[in-house]
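S.K.: Below: one structure in structure tokens.
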Amino acid sequence: MVFLLAMVILFVVAYTFILQQAYTQTALKTEIERDISSADAVHKLVNNRLGRKDFNEIKSKADENTELFKNISTYMNEIRTLNSTRYIYTATRNEDGRLIYVVDGLDPSAGDVRHPGDPIEKEMVPYIEKALSGKTVYSQDIVDTTWGPIFTACYPVTAEDESNEVIGAFCIEMDMQKAYGMVEKTNKLSIVLGCITACILLILCTCGYSVYKKQKENEQKQQKLLQEAARLADSANKAKSTFLFNMSHDIRTPMNAIIGYAELGEKHLKEPTILEDYFEKILLCGKKMLHLIDNILELARIENNHATLDETITDVSKNFDLCIDMFRKPIEEKHQTLRVNKNIRYPYLYMDDARSSEITFNILSNAVKYTGEGGNISCTLNQYPGEKEGWSVLELIIADNGIGMSEEFQKHIFESFSQERSSSDSGIEGSGLGMGIVKKLVDLMNGKITVQSKPGAGSTFTITLPLKIANEEERNPKHADGQLNIKKLEGKRVLLVEDNDLNAEIATELLTEEGIMIERAENGVACIDMLNKAKQNYYSLILMDIQMPIMNGYEASRRIRELKDGNKSQIPIVAMTANAFEEDKKMAFASGMNDHVAKPIDMNVLLPTIMKYM
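For what it's worth, our numbering labels the leading residue of the sequence shown as 1, then goes sequentially.
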């Protein structure tokens, strides 16, 4: 009887032990499968955001201050938090062949955050090695690391071009502390279970089922969160594509003026006075189109409250006239009547010229677009005393007798992509973005905008902007010796670093006319070579392009500053580039450059900048 009882107990213990081991392996497998599914979903979200520059331009801790690093780090941290993922990061192999971190997806304030260039831990090296060889790899068991037990998945990241070159690795780590603890607990319970009755087996099975059910519920919740995140990301990508596609038509207005005046110029080649007027308008319209493109690209900044005003002394009357000139040809083509009124006492005001032009451009564009053949449009610019001394209030009123808007739509007119009628219904192309941009710009300038409209009767937009008046001294600072300073440039030798032949030819011609001697290098390597071979003080200044083959302007500037020749290493370097955003200027200064001038070349800006260092 005792033997039978012992056999029963041994059987129960053995059976219980086997069940416990089987359960542990099943739970661990389920956990790993869930982690693989979650990791694949996260990889799908992040992979499309990664490209060659995300690995090439982030190499050290100093790069953490770049906008590129901040954007990737913030995005990866958001995905990590949303999915309850422990760790997300990108890695690559540096020039020395060592595996290093690139971007750590942890919150920057976390104590265990890794920086660009930090070495990869030894236990993670095999996984990243496989990823860099082009293979996706998952850990099939709990990986014991410095930070505790984890599940890890590493994916190869390929270049976005046709080469499909593996440029780095994207790795995900998920906390397995719970599963690890479960394994340890099971091992201990296996010993204790030898003294427990068969009824415990039922309890354990019941508990196991409860845990399994809870895990499945959590998995379903996380899957829903991932699906929602994927949906939001897809919506954002579609919105961006729609924005870029629809906004292209708004660039056509200044381009239409440029082409129109160019065609007219061909008919008046022997009339210099008329040609001079046409060329001036072509130049001004070209500059306005450049401002428009800059504003389109900066919409994201405005949306994220990162935009700042570039307030300079502006002739508001001339600014207003230029915006009107852009639309004279399309107004003439539609046989519309345009009435312009100006009541300006102080024409020179501190104002962001580009953004104020964008406001006028968008509203007037809609007036022409939504007013039929033979319609009437009026543009009025008034000026009133401001509440503070030395300030004025500029009032812009643009009215038309076009198709108008319903009261309901007027509540949504300033929302992005908002249109009362689709392009297919109205037959009028439009992105629905213009008025959204206008509202954000007016708010940025501390102004107000109102609209009055009725269907079939037209619309009236009124904008008021508080602006500081520029006095006489501020309008004409130190112009008396301007010509004398320019003469100081004669005979100076400048090293122009520019890979584009046309850009180099234009810059050379413009600067040569001022008496400057120009020598050209086609990339950063050639620039450093020419500087090293030159005599002391042979070059007075370097004009440096940024995006060039072989070696870009940033790297070239850093290497020049590291030259052992103290005289040559301190030569003034001015960035002359189409990279014109604020972060581009910061990167130029960080690389050792002295100043920054944006393309297209404006000699009124370039010459004073050069003279500062002569």
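Positions of the beta carbon are idealized from the N, C-alpha and C atoms, including for glycine. The structure displayed is predicted, hence computed values, not measured ones.
#1: Among all the DSSP beta bridges, which residues are the ones paired with Glu509?
#2: Using only alpha-carbon positions, find the residue among Tyr539, Asp501, Asn503, Gln222 that is nearest to Val494.
#3: Residues in the same chain with beta-carbon distance under 7 Å from Gly427, minus the five sequence neighbours each way, listed in chain order, please.
#4: With respect to the alpha helix (DSSP H) encompassing Ala169, which residues constitute its N-terminal and C-terminal limits?
#5: Under three-state DSSP, which class holds Leu381?
#6: What residue from Thr312, Val316, Glu311, Arg328 has the CA that sits closest to Met255's CA?
#7: Going by CA-CA distance only, name the one from Ser453, Trp391, Cys379 that's closest to Gln410.
#8: Determine the DSSP secondary structure at Thr158, reduced to helix, strand or coil.
#9: Going by alpha carbons, who is nearest to Ile359 out of Tyr212, Leu444, Ile344?
#10: Which class does Val113 belong to by DSSP, given the choice of helix, strand or coil?
#11: Counting along the chain, where does the alpha helix (DSSP H) carrying Gln410 start and finish?
#12: How big is the Cα-Cα spacing for Glu420 and Lys270?
#13: At the level of alpha carbons, what is the spacing between Ser424 and Arg231?
#14: According to DSSP, simplified to helix, strand and coil, what is Glu519?
#15: How about the stretch 58-75 and the stretch 134-150: do they share at least three Cβ pairs that are nearer than 8 Å?
#16: For the candidate residues Leu82, Tyr554, Lys122, Gly491, whose alpha-carbon lies nearest to that of Asp107?
#17: Are the C-beta atoms of Ile79 and some chain C residue less than 8 Å apart?
#18: Keeping to the same chain, check which residues put their C-beta closer than 6 Å to that of Asp602; ignore five residues upstream and five downstream.
#19: Compute the distance between the beta-carbons of Gln547 and Asn523, then report whether it is under 8 Å.
#20: Along the beta strand (DSSP E) that carries Glu395, what are the first and last residues, could you check?
#21: Hey, Asp400 and Tyr348: beta-carbon distance below 8 Å or not?
#22: Is Ser591 helix, strand or coil when you go by DSSP?
#23: For Asn343 and Met405, I'd like the C-alpha separation in whole angstroms.
#24: With Val574 and Val597 assumed to form a contact (beta carbons below 8 Å), what rounded beta-carbon distance in angstroms separates them?
#25: Tell me where the beta strand (DSSP E) around Asn341 begins and ends.
#26: For Phe461, which residues in the same chain have their Cβ closer than 6 Å to its Cβ, ignoring the five residues on either side in sequence?
#27: Apart from the five residues on each side of it in sequence, which residues of its chain come closer than 7 Å, Cβ to Cβ, to His268?
#28: Quick one, which of Ile293, Met289, Tyr261 has its alpha-carbon nearest Lys280's?
#29: Using the Cα positions of Ala169 and Leu225, report the straight-line distance between them to the nearest angstrom.
#30: With distance defined between alpha-carbon atoms, name the residue in Ile486, Lys440, Tyr346, Phe414 nearest to Ile469.
#31: Whole angstroms is fine: what's the gap from Pro149's alpha carbon to Leu99's?
#32: Measure the beta-carbon distance from Ile282 to Ile258 and round it to whole angstroms, keeping in mind my assumption that it falls under 8 Å.
#33: Hey, how far is the Cα of Tyr554 from the Cα of Pro466?
#34: Can you tell me where the alpha helix (DSSP H) holding Ala526 begins and where it ends?
#35: Please go through the stretch 30-93 and give each complete beta strand (DSSP E) segment of 3 or more residues, from N-terminal end onward.
#36: Exposed or buried, which one is Tyr127 when buried takes at least 16 other CB atoms within 10 Å?
M.R.: In brief:
#1: Glu509 is not bridged to any residue.
#2: Between Val494 and the set Tyr539, Asp501, Asn503, Gln222, the nearest pair of CA atoms involves Tyr539.
#3: Interpretation of Gly427 is limited by its pLDDT of 43, a score under 50 that renders its predicted location unreliable; no figure is taken from the coordinates.
#4: Not the alpha helix (DSSP H): Ala169 falls in the beta strand (DSSP E), residues 166-175.
#5: In the structure shown, Leu381 sits in a strand (DSSP, three-state: E or B).
#6: Nearest C-alpha to Met255: Arg328.
#7: Selection Ser453, Trp391, Cys379 evaluated against Gln410 yields Ser453 as nearest (Cα-Cα).
#8: In the three-state reduction of the DSSP assignment, Thr158 falls in the strand class, which pools E and B.
#9: Ile359 has its Cα closest to that of Leu444, out of Tyr212, Leu444, Ile344.
#10: Here Val113 sits in coil by DSSP.
#11: Gln410 -> alpha helix (DSSP H) spans 407-410.
#12: Residue confidence is low: Glu420 scores 47 on pLDDT, short of 50, so the model does not pin down where it sits. No coordinate-derived value is stated.
#13: With a pLDDT of 36 at Ser424, under the threshold of 50, the predicted position of this residue should be treated as unreliable, though the coordinate-derived value follows. Linking Ser424 to Arg231 through their CA atoms gives a straight-line distance of about 27 Å.
#14: If DSSP states are grouped into helix, strand and coil, Glu519 belongs with the strands.
#15: As far as the Cβ criterion goes, the stretch 58-75 does not touch the stretch 134-150, which means the pair count is below three.
#16: When each option's Cα is compared against that of Asp107, the closest is Leu82.
#17: Here chain C cannot be found, since the structure has a single protein chain.
#18: There are no such residues.
#19: The criterion of a C-beta distance shorter than 8 Å is not satisfied by Gln547 and Asn523.
#20: Start and end: 391-400.
#21: Result no, Cβ atoms of Asp400 and Tyr348 do not sit closer than 8 Å.
#22: Per DSSP, reduced to three states, the secondary structure at Ser591 is coil, with no helix or strand assignment.
#23: About 29 Å.
#24: About 6 Å separates the beta carbon of Val574 from that of Val597, a gap short enough to meet the 8 Å contact definition.
#25: That run of the beta strand (DSSP E) goes 337-343.
#26: If we look at Phe461 and ignore the five residues flanking it on each side, its Cβ neighbours are Ile363, Ile398, Val451.
#27: Cβ-Cβ distances below 7 Å link His268 to Ile274, Leu275 in the same chain, with the five nearest sequence neighbours on each side left out; the list follows chain order.
#28: The sequence as given places Glu at residue 280; Lys does not occur at that position. It is Tyr261 whose Cα lies nearest to the Cα of Glu280.
#29: Each residue's alpha carbon lies about 25 Å from the other.
#30: The closest CA to that of Ile469, considering only Ile486, Lys440, Tyr346, Phe414, is found on Tyr346.
#31: Whole-angstrom Cα-Cα distance: 21 Å.
#32: With a contact defined as Cβ atoms closer than 8 Å, Ile282 and Ile258 qualify at about 5 Å.
#33: Distance from the CA of Tyr554 to the CA of Pro466, rounded to the nearest whole angstrom, comes to 40 Å.
#34: Under the DSSP assignment, Ala526 falls in the alpha helix (DSSP H) whose first and last residues are 524-533.
#35: Runs of the beta strand (DSSP E) inside the stretch 30-93: 87-93.
#36: Its Cβ being crowded by 16 or more others within 10 Å, Tyr127 is buried.
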